[in-house]
Amino acid sequence: MSSGSGKKPSTRLVAAGRRQEWTGSVVNPPVWRGSTHLYADSADLRRGRPNRDGEFYYGRRGSPTQWALADALTGLEPGAAGTLLFPSGVAAIAGSLLAVLNSGDVLLMTDNAYEPSRTMARSLLDPLGIETRFFDPLDVQGFASHFCDRTKAVLLESPGSLTMEICDVPALTAVAREKGAISLIDNTWASPLGFPALQQGCDVSIMSLTKHVGGHSDLMMGSVAATTTVYNRLRLTSQALGQVVSPDDAALALRGLRTLSLRLERETVSAIAIAEWLSRRPEVARVLCPMLPDSPGHDLWRRDFTGGCGLFSFVLRGSEEQARARFIDSLELFGIGYSWGGYESLVIPFEAGRIRTAMAAPGGLGVRLSIGLEDPADLIADLEQAFAAMERA
Ligand SMILES: *Cc1c(COP(=O)(O)O)cnc(C)c1O
Numbered sequence: 001m002s003s004g005s006g007k008k009p010s011t012r013l014v015a016a017g018r019r020q021e022w023t024g025s026v027v028n029p030p031v032w033r034g035s036t037h038l039y040a041d042s043a044d045l046r047r048g049r050p051n052r053d054g055e056f057y058y059g060r061r062g063s064p065t066q067w068a069l070a071d072a073l074t075g076l077e078p079g080a081a082g083t084l085l086f087p088s089g090v091a092a093i094a095g096s097l098l099a100v101l102n103s104g105d106v107l108l109m110t111d112n113a114y115e116p117s118r119t120m121a122r123s124l125l126d127p128l129g130i131e132t133r134f135f136d137p138l139d140v141q142g143f144a145s146h147f148c149d150r151t152k153a154v155l156l157e158s159p160g161s162l163t164m165e166i167c168d169v170p171a172l173t174a175v176a177r178e179k180g181a182i183s184l185i186d187n188t189w190a191s192p193l194g195f196p197a198l199q200q201g202c203d204v205s206i207m208s209l210t211k212h213v214g215g216h217s218d219l220m221m222g223s224v225a226a227t228t229t230v231y232n233r234l235r236l237t238s239q240a241l242g243q244v245v246s247p248d249d250a251a252l253a254l255r256g257l258r259t260l261s262l263r264l265e266r267e268t269v270s271a272i273a274i275a276e277w278l279s280r281r282p283e284v285a286r287v288l289c290p291m292l293p294d295s296p297g298h299d300l301w302r303r304d305f306t307g308g309c310g311l312f313s314f315v316l317r318g319s320e321e322q323a324r325a326r327f328i329d330s331l332e333l334f335g336i337g338y339s340w341g342g343y344e345s346l347v348i349p350f351e352a353g354r355i356r357t358a359m360a361a362p363g364g365l366g367v368r369l370s371i372g373l374e375d376p377a378d379l380i381a382d383l384e385q386a387f388a389a390m391e392r393a
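In this note's numbering, the protein residues as written are 1 to 393.
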């Protein structure tokens with residue numbers, strides 16, 4: 001059976017990564033554990049193994065279980081030459097940056113990047129002599145002025161973490177290309193189902209598979225898909241760093257992948273309903289959700305994205321931190337916890353605003369929601385009783 005390229009994503013997800021030589025007659029690629037290939041004799045050893053993608057050489061280079069997952073992800077990402085797997089999303093970001101940057105280079109990072117990406121600038125890149133400069137992701141006009149002849153890469157995220165701002169990826173990557181810089185994007189929010197990043201001008205598309213692809217809050221993993229221009233550099237760096245994921249986790253991620261489009265569709269519908277409800281609440285100053293009509297970034301989301309997910313934020317009207325804590329602590333269906341994209345709804349507080357550059361909208365007490373697979377009417381009822389508890393102080 002073919003993986004059905006040319007078919008719609010939900011169809012392709014069903015058989016993605018299933019190759020006769022890896023799965024035999026079984027529906028799912030078996031969990032193929034192993035570190036060592038045994039050679040027949042000394043002559044066989046001297047001839048060596050080909051060490052090609054897709055042929056077992058040594059466990060660190062993966063086995064059919066990991067290859068099936070990588071192959072499936074490549075099939076979902078239009079324009080990808082291949083996909084590399086990392087033990088976490090953060091490892092995928094770090095591995096990508098190390099592959100495209102050298103000492104003396106400058107990285108431009110969006111000022112709404114995921115916090116550990118920002119930390120990486122200081123703790124990983126700076127000691128290597130790689131300088132990071134932050135830019136306002138919404139200032140398309142001013143973007144070119146940030147480049148110098150040492151600028152070698154741009155790290156984007158759309159929507160950005162917490163602020164949920166959508167940037168004009170095709171416009172920004174066009175500038176980067178003209179300046180000779182590589183564009184990387186943290187595409188965890190949309191996944192390639194919602195945002196075909198390489199088609200939209202990026203060279204590298206990074207995902208935390210811990211979120212939507214795993215989808216069940218039981219595994220950590222990251223992936224990097226790239227165009228032919230940079231794929232080989234990424235592969236060599238990943239191999240030099242010794243990055244490998246366990247076949248058990250790869251099998252779990254493949255299982256999550258089968259229901260990815262179904263879960264994303266349901267979470268998107270629920271999130272939009274809940275965001276709309278929140279936007280009418282007196283306790284809420286602003287809903288930060290590009291899927292919501294009339295919200296900032298909605299036009300770009302409509303233009304560039306083919307889907308959404310359950311993650312968005314809002315800012316409370318009041319400024320009393322204890323009131324926000326009362327609201328969060330009163331929620332019964334939302335777990336308090338980091339991560340997102342799982343089947344269960346989660347909530348986390350944050351301080352709205354960017355760090356280096358100014359946002360048009362004022363900051364305030366933020367609340368981030370990850371909408372899961374519960375019935376949205378129950379989630380709205382839960383939010384409603386938590387607002388009542390917040391006001392009861
Ligand atoms: C969670 C997250 C990551 C990191 O993923 P881990 O698998 O937790 O390391 C990267 N980017 C974004 C936007 C995330 O939310």
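Glycine included, every Cβ here is placed at the ideal spot set by N, Cα and C.
Note that the coordinates shown come from a computational prediction; the quantities given were computed from them, not determined experimentally.
Asked                                                                                                                                                                                    : Found
Provide the residue span of the alpha helix (DSSP H) that contains residue 169, from first to last.                                                                                      : 169–178
Ligand 1 heavy atoms versus the CB of residue 208: any closer than 7 Å?                                                                                                                  : yes
What first and last residue would you give for the alpha helix (DSSP H) that runs through residue 323?                                                                                   : 321–330
Could you name the residues of the same chain whose beta carbon sits closer than 7 Å to that of residue 78, not counting the 5 residues immediately before and after it, in chain order? : 196, 198, 199
Is residue 222 helix, strand or coil by DSSP?                                                                                                                                            : strand
Answer yes or no: the CB of residue 355 versus the heavy atoms of ligand 1, is any distance below 7 Å?                                                                                   : no
Check residue 269 in the structure and name its three-state DSSP category.                                                                                                               : helix
Decide if residue 65 is buried, meaning its Cβ has at least 16 other Cβ atoms within 10 Å, or exposed.                                                                                   : buried
Measure the C-alpha to C-alpha separation of residue 351 and residue 100 and round it to an integer number of angstroms.                                                                 : 32 Å
Taking only runs of the beta strand (DSSP E) that begin and end inside the region 220–255, which ones reach a length of at least 3 residues, in chain order?                             : 222–226
Taking the alpha carbon of residue 138 as the reference point, which residue from 172, 22, 121, 367 has its own alpha carbon closest?                                                    : 172
Determine the burial state of residue 125: buried for a count of at least 16 other Cβ atoms within 10 Å of its Cβ, exposed for fewer.                                                    : buried
What are the start and end residues of the alpha helix (DSSP H) that includes residue 21?                                                                                                : 20–23
If you run the structure through DSSP and keep just helix, strand and coil, what is residue 26?                                                                                          : coil
By Cβ distance, which residues of its chain are closer than 6 Å to residue 179, with the 5 residues on each side in sequence left out?                                                   : 147
One question on the structure: do residue 212 and residue 246 come within less than 8 Å of each other, judged by their Cβ atoms?                                                         : no
I need the straight-line Cα distance from residue 112 to residue 39, nearest angstrom please.                                                                                            : 51 Å
Ignoring anything shorter than 3 residues, give me the beta strand (DSSP E) runs that lie fully in the region 189–224, in order along the chain.                                         : 204–208
Locate the alpha helix (DSSP H) running through residue 95, then write down its first and last residues.                                                                                 : 89–100
Alpha carbon to alpha carbon, what distance is there between residue 93 and residue 283?                                                                                                 : 37 Å
Can you name, in chain order, every residue of its own chain whose Cβ lies under 7 Å from the Cβ of residue 81, other than the five neighbours on each side?                             : 226, 227, 228, 231
Within the region 302–382, note down every full beta strand (DSSP E) run reaching 3 residues or more, in order along the chain.                                                          : 311–316, 346–352, 364–370
For residue 248, is the classification buried or exposed, using 16 other Cβ atoms within 10 angstroms of its Cβ as the cut-off for buried?                                               : exposed
So, are the CB atoms of residue 182 and residue 153 less than 8 Å apart?                                                                                                                 : yes
How far does the alpha helix (DSSP H) with residue 15 in it reach, from first residue to last?                                                                                           : 9–15
Could you name each continuous alpha helix (DSSP H) segment of 4 residues or more that falls completely within the region 27–83, going from the start of the chain to the end?           : 42–47, 64–76
Could you tell me how far apart the beta carbons of residue 18 and residue 68 are, in whole angstroms, since I believe they sit closer than 8 Å?                                         : 7 Å
My assumption, with CB atoms under 8 Å, is that residue 317 sits in contact with residue 285. Please give the rounded CB distance.                                                       : 4 Å
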